[in-house]
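First up is the structure itself, then whatever we jot down about it.
Listed below in structure tokens is the structure:
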């Protein structure tokens, strides 16, 4: 991430995709169907169940441990959204690093959480 922001020439040297052609690999080999559908379905189920748990935790927020649990659960819901929905979508369309090289920022944001 630092190389992308502060040293763009070094980033371009290390992570360039000049000698990789995305079109050489057929889109059918890059796209998946069952894994993304499973990821998106499970992420939806987990988020529905997690919202119910968050509502229960929110009712008891007077206790300090429930405040911590509330914060952790909200962060976890954000992670499930990023990992489930974004990964599912990218697997469905067959995205690779060279097709969207700056998209790894999403993974960096997920790592921060």
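Residue numbers (my numbering): 972 to 1084. Ideal Cβ positions, reconstructed from N, Cα and C, are used throughout, including at glycine. Predicted model only: the values in this text are computed from it and were never measured.
Rounded separation between residue i and residue j - CA only
i            : j            : result
residue 981  : residue 1033 : 50 Å
residue 1079 : residue 1027 : 30 Å
residue 1016 : residue 974  : 37 Å
residue 1013 : residue 1048 : 13 Å
N-terminal and C-terminal residue of the alpha helix (DSSP H) that residue i is part of
i            : result
residue 1018 : 1005-1030
residue 1068 : Taken as a continuous stretch (DSSP letters only), residue 1068 belongs to no alpha helix (DSSP H), as it is neither H nor E.
residue 973  : 973-977
residue 1042 : 1035-1051
residue 1064 : 1058-1064
residue 998  : 998-1001
Whole-Å CB distance - residue i paired with residue j, under 8 Å assumed
i            : j            : result
residue 1067 : residue 1019 : 31 Å between Cβ atoms; not a contact.
residue 1041 : residue 1025 : 7 Å
Beta-carbon proximity list for residue i, same chain, < 7 Å, skipping 5 on both sides
i            : result
residue 1006 : 1062
residue 1070 : 993
residue 1058 : 1010
Residue of the options minimising C-alpha distance to residue i
i            : options          : result
residue 1023 : 1044, 1058, 1003 : 1044
residue 1003 : 1065, 986, 1058  : 1065
residue 1053 : 1073, 1077, 1072 : 1077
Proximal residues to residue i (C-beta, below 8 Å), its chain only, five neighbours per side dropped
i            : result
residue 1031 : 1037
residue 991  : 1069
Cutoff 6 Å; reference residue i; Cβ partners in own chain excluding five residues on either side
i            : result
residue 1001 : 1065
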